[in-house]
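Working notes, structure below.
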Amino acid sequence: MKTVLLPHFLITIIMSVALAVVLINVELQLWMAIILTAALVLNVVLFFTLLILKKRVDQQTE
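Numbering (the working numbering), first residue to last: 485 to 546.
So, in structure tokens, the structure goes:
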């Protein structure tokens with residue numbers, strides 16, 4: 485499961501940095517910031533879903 489969560493965590497960090505860069509450079513398009521924000525929120529939701537699923541799998545295997 486760690487092999488699944490680690491790349492997910494790295495992608496979240498990269499997306500956060502990209503979002504910060506887009507928000508600092510106001511010259512860039514607004515829709516770009518909106519898409520990145522939506523993707524980041526979705527990414528966080530998926531991350532917590534994976535954690536919940538991992539806990540359930542761990543409970544079932546015990």
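Glycine is no exception: its CB is placed at the ideal position from the N, C-alpha and C atoms.
{"Query": "Where the alpha helix (DSSP H) containing Gln543 begins and where it ends", "Result": "514–545"}
{"Query": "Environment of Val529 [buried if 16+ CB atoms lie within 10 Å]", "Result": "exposed"}
{"Query": "The segment 513–528 / the segment 536–544 touching (three or more Cβ pairs under 8 Å)", "Result": "no"}
{"Query": "Separation of His492 from Trp515, as counted between CA atoms", "Result": "24 Å"}
{"Query": "Contact check, Ser500 vs Leu526, beta carbons under 8 Å", "Result": "no"}
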